[in-house]
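Letter by letter, the sequence shown follows residues 1 to 1175 of our numbering.
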Amino acid sequence: MKLKKQVTVCGAAIFCVAVFSLYLMLDRVQHDPTRHQSGGNFPRSQISVLQNRIEQLEQLLEENHEIISHIKDSVLELTAHAEGQPALPHHSPNGSWVLPPESRPSFLSVSPQDCQFALGGKGQSPDLQMLAVYSLLPFDNQDGGVWKQGFDITYEPNEWDTEPLQVFVVPHSHNDPGWIKTFDKYYYDQTQHILNSMVLKMQEDPRRRFIWSEISFFSKWWDNISAQKRAAVRRLVGNGQLEMVTGGWVMPDEANSHYFAMIDQLIEGHQWLEKNIGVTPRSGWAVDPFGHSSTMPYLLKRSNLTGMLIQRVHYAIKKHFAATQNLEFMWRQTWDPDASTDIFCHMMPFYSYDVPHTCGPDPKICCQFDFKRLPGGRINCPWKVPPRAITDANVAERAQLLLDQYRKKSKLYRSKVLLVPLGDDFRYDKPQEWDAQFLNYQRIFDFLNSQPNLHVQAQFGTLSDYFDALYKKVGIVPGMKPPGFPVLSGDFFSYADREDHYWTGYYTSRPFYKSLDRVLEAHLRGAEILYSLALAHARHAGADGRYPLSDYALLSNARRNLGLFQHHDAITGTAKEAVAVDYGVRLLHSLTNLKRVIINAAHYLVLGDKDTYRHDPAAPFLSTDDMRPNQDSLPERTVVKLDASPRYLVVFNPLEQERLSVVPVLVDSPHVHVLSEEGQPLPSQLSAHWGSATDTVPDIYQVSVLARLPAFGLRVLQLHKSFNSHGALKSSVRLYLHGRDLAVRKQEAVPVHVFPATAEDFCLENQHLQACFSGHSGLLQSIRRAGEEREQRVSSEFLVYGTRTSKDKSGAYLFLPDGEAKPYAPKDPPVVRVTEGPLFSEVVSYYQHVQTVMRLYNVPGVEGLSLDVSCLVDIRDHINKELALRFSTDIESDDTFFTDLNGFQIQPRRYQRKLPLQANFYPMPAMAYIQDMQSRLTLHTAQALGVSSLSSGQLEVILDRRLMQDDNRGLGQGLKDNKRTCNRFRLLLEHRATANKSSSFFSKLASVFKALGFPGARTGSPEVQDGRPISFPSLLSHITSMHLNAEALVMPVAQEKPAPPALRSFMPLSTTLPCDFHILNLRMLQAEDDSLPSAEAALILHRKGFDCSLEAKNLGFNCTTSQGKLALGSLFQGLELGSLQPTSLTLMYPLGTTSNSTNIRLDPMEIATFRIRLG
């Protein structure tokens, strides 16, 4: 023990010397009299001197970092073997709870090079930056004539004399996997007929083409067709007549979907295509998602696609891009320093993807060339001029009319190659429609192509036929940057299709299912990882014969159900009520199955003696942490029954970082004592379990245990019934009734003090934060960080938006409020309950429509650095109302705020005063923040919701919406099926290191980087570097988000008697992962029999980009970065890495050769997939 202390002290001393030397060195560089203070404008003679200086500085930084790394490694070795139990809390003389300091010191060691990325400053700036485009446009919605939202297009007849117009007409059928009908109903009524006709009709003429995108439907059809028909499909794909575009399980929503699920459904589709048809998609097709995220081009590019198409973009942006011929561009990520993320993107110019809006600017004319609408059919043209069948007599006149539209459309693009989609929702479901479209168009093409004076060549084509012709025309191979096309960065939210009809309501619509989606996602990721590890260990031990390999089919089914729910009418909340129920049933079914997979894997991994493992599906070894009786129920937690013999719990941490967490468990006795597996007492807090504002549930108590959970590991805990003083420490409760005459049902075991009147304002605190609350409302008022004089105003309030009284009202898609939000005014004041205890304290406010819990964990590290906020919302008695939660602060954020895209990247936003209120809402799948020179306030979320900042210092989120009418976008229903929904958040207040005088070391570092040409600390305004708005969360922020989204799972050992076999905690990782690395997935790949796993797995890694300028003290775990280097060979304890093959994102293409080295390197923000063998 003495030796450990000596080495730790010695290590710390060397560490201090190293840091101090780095400090002095920076001081020397900064105060060198030969340096000019003008920042970057050096006389030429001094540039080489400066360059030498920079190189010296870099070398010194590198040497210091190496010294620190060595010390860190030795201290890590020591601390890893130090006692790992958190010490027990005790009362201080002033009555507050004190947790003793951590027995294990924690490290924050971030390489200075790893901080440079967030400073930007590399790479060329794009030609089109969407934030700047928004600032530029007037959004005046002028009448454009026949192209209502555009302008008149003119051309000279001889423009194509030297280079003829090449037209590709692309037949397509947009199949929603659920919207008005369920997925299965659509399949049986329409989709199977479309695909059956496709096989027949495409074989009639080799010039015909067709594209298909939704693999969910295609795979269901494939399972039901003959070998002969399958062979015909493979031939059609092989000869280029049928193209699979994008190839995802669905065409996902891009606003609410999380990048884990977006990638997973893409892998699911691509793996299916490779296995069954032997094809790899080349082009992306997204005609219906309601706005487009810049995450999608990144994922497609990393999957080796070379072109993509988008459609639903704000009509004013379409008009502007059409007028400037910028509808085709290279789409680049904002953070990309070397153009490696560029992908060619085609934006459709007009209102819709249907036939009237795709041949050219005049829908009245284009509709006449939709031959499904020939007289006598079920649908006609709203413009009152029907199509006419093409005959020898009329072909010249009809072809000329259509060519005029083609030429006008072509004037909006830079090349002489034109794309003309031909299709709509669920088109081509009858043989007659195939004949009507293909025969009539072929007559037109034959005529046009026979007239050299028209200078046009027209044909059917696939999407890739179009892109290939365009690339050929400009003389490049697919994937390269075509000369003369602009580079764009940014995204296309929020979308409006006409007038002020902004599609910002669906960011929140049906939040219950948006939340369930993320619960399923977290369980799928946890189950994939634990199943892969258990299977690898079982194979390693030769025990895979006894392991339930059949669990793979449950995993596969869950992947497909989660994938299906990413569809742009599912997670969006924009399907019919019965369809929403169908999705809900699928999600719950998979959630239940995944809990089984996790239990089976955990059972195997915690057994001390693996030979005793027996899988019994009828009697699982572990029980689940909670269960949901129905698809629309909130979870009901499992109660552990205590008796004389100990009850064991297995706790799973799905994060790749160790965490110190408060683990809640419901028990049936207040006399409970929690021990580690070695029998050491663990800190625990006993609380009542409340059934309502004033009633405790009899004979149920919550014991909250402070436990250190290993990365990806399973921790074994014991619960003992104990009548001595060693039991859990009791929390105390104050209940404020605010003058309401309410009966209170208490339990003797937990003290409850009832106050009939209103409380005065009060505060809760831990060692990091003090949060103060209004005594009347129970809502947050301010936060003060430890060691700071000034408290930061952070007040919360509930607000209500109404909808318009005019004909256009809010619905599932649209947010059309009747003005600014009004304060939420419940009929009764809230009941406020304040609980204080050693491990957490909380304030619960019970209002009529919302119950909020604001909890402060009294725990060292990440859990204790933010405020845990949850809102249980029930607005089922509201009519045309939306409930919002707003935080108001004195942060000087001006008109700027930041929201994430798909949990993957941050996009700066600007509140545009020239746009209506509803236009300023954006999707928030994972987080949003506001900031100024001093601080940043981040709202982390566990479910996607709509967010905005409507004035400086504010952040507001829409919690739920109940709307009584359809908003005329085809759904035909309002949103009236609201559920009791729990929305979960974390509120994190951070200070800039540069804003704090004590951090002069970091400010010197920042100013040195600034003097060397890097931009320094920024304000709330968008961080424009080289014209690129760019911002990143801090490491603490990333980890807080992961804690919120990947909760520890508690599994009680089911058998109470006899005593279970010896259990041992499972720690799969032999080293600590750098804390900017995230293991996105470890996914077993399927064998030939697709219900069984192969010997290979996909390891998907993401290296996060982060901002170093925010203070990172007391993280509570060892956080180091490694400039993107990771040794995978030694990562998994007790397993060998048999092979490691880098691949494209969806495993379709190997990247480079398989090398013997298992060391990898990843650039910041990059996601990389590896095909590995573990065993």
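All C-beta atoms in this analysis are idealised placements derived from N, C-alpha and C, irrespective of residue type, glycine included.
Cutoff 8 Å; reference residue i; Cβ partners in own chain excluding five residues on either side
i: Val831; result: Ala693, Thr694, Leu735, Tyr736, Leu737, His738, Arg740, Leu742, Ser845, Tyr846
i: Phe1178; result: Residue 1178 lies beyond the residue range present for the chain, which begins at 1 and ends at 1175; the question has no answer from this structure.
i: Ile529; result: Pro654, Phe712, Ile1079, Asn1081, Leu1082
i: Thr182; result: Ala578, Val579, Asp582
Close-in-space but distant-in-sequence residues of the same chain around residue i (CB under 6 Å, 5 per side omitted)
i: Phe492; result: Gly291, His292, Val313
i: Ile267; result: Thr1146
i: Asp699; result: Asp668
i: Ser1248; result: This structure leaves residue 1248 out entirely; the chain is present only between 1 and 1175.
i: Asp1107; result: Ala118, Phe1032, Ser1034
i: Ile930; result: Ile891, Ser893, Phe897, Leu937, Ser949, Leu955
i: Ala1127; result: Asn1159
i: Pro1052; result: Ser623, Val640, Leu649
Continuous beta strand (DSSP E) stretch holding residue i: start and end
i: Asp960; result: 954 to 962
i: Thr835; result: 831 to 836
i: Ile310; result: 307 to 310
i: Cys871; result: 867 to 873
i: Phe183; result: Phe183 -> not in any beta strand (DSSP E); alpha helix (DSSP H) instead, spanning 183 to 186.
i: Val169; result: 165 to 174
i: Ile1160; result: 1159 to 1161
Start and end residues, alpha helix (DSSP H) containing residue i
i: Asp425; result: It is not in any alpha helix (DSSP H) - Asp425 instead sits in the beta strand (DSSP E) that spans 417 to 425.
i: Met1042; result: 1035 to 1045
i: Tyr406; result: 395 to 410
i: Thr295; result: 295 to 302
i: Pro112; result: 112 to 119
i: Leu885; result: No alpha helix (DSSP H) holds Leu885; the beta strand (DSSP E) holding it covers 881 to 889.
i: Lys472; result: 463 to 474
i: Ala436; result: 431 to 449
Cβ distance (whole Å) where residue i is taken to contact residue j below 8 Å
i: Pro511; j: Leu959; result: 7 Å
i: Ala570; j: Gly178; result: 6 Å
i: Phe371; j: Gln437; result: 5 Å
i: Leu562; j: Ala1046; result: Incorrect: roughly 15 Å between the Cβ atoms, too far for contact.
i: Leu524; j: Arg559; result: 7 Å
i: Ala399; j: Ile444; result: 5 Å
i: Leu607; j: Val650; result: The pair is not a contact, with the Cβ atoms about 11 Å apart (cut-off 8 Å).
i: Gly461; j: Phe168; result: 3 Å
i: Asp429; j: His193; result: 5 Å
Sequence-distant residues of the same chain with beta carbon closer than 7 Å to residue i, five excluded per side
i: Val519; result: Leu591
i: Leu915; result: Phe139
i: Arg28; result: Only weak support exists for where Arg28 lies, its pLDDT of 43 falling under 50; the value from the coordinates is given anyway. The answer is none, since no qualifying residue turns up.
i: Lys473; result: Ser415, Lys416, Val417
i: Leu709; result: Val651, Asn653, Glu658, Arg659, Ser661, Arg715, Ala1048
i: Ala232; result: Val199, Gln203
i: Leu402; result: Cys359, Phe369, Ile444
According to DSSP, residues forming a beta bridge with residue i
i: His991; result: Ser935
i: Asp695; result: Arg745
i: Gly284; result: Met308
i: Ile930; result: Leu937
i: Leu856; result: Ser841
i: Gln1086; result: Pro1093
i: Glu1166; result: Note: Glu1166 sits in no beta bridge, so no partner.
i: Gln943; result: DSSP lists no partner for Gln943.
i: Gln680; result: Bridge partners of Gln680: none, in fact.
### Task
Counting only runs of 4+ residues fully inside the region 476 to 554, write out the alpha helix (DSSP H) ranges in chain order.
511 to 540
### Query
In chain order, which continuous runs of the beta strand (DSSP E) of length 3 or greater are located wholly inside the region 713 to 781?
714 to 721, 732 to 736, 752 to 755, 762 to 765, 769 to 773
#### Entry: Segments of 3+ residues assigned as beta strand (DSSP E) that fall wholly inside the region 319 to 374
328 to 331, 343 to 347
### Task
Would you list, in sequence order, the uninterrupted beta strand (DSSP E) runs of no fewer than 3 residues that lie entirely inside the region 634 to 660?
647 to 652
### Task
Quick one: which unbroken beta strand (DSSP E) runs of 3-plus residues sit fully inside the region 178 to 222? Chain order, please.
210 to 212
#### Entry: Ordered list of alpha helix (DSSP H) runs contained in the region 221 to 251, each at least 4 residues
227 to 238
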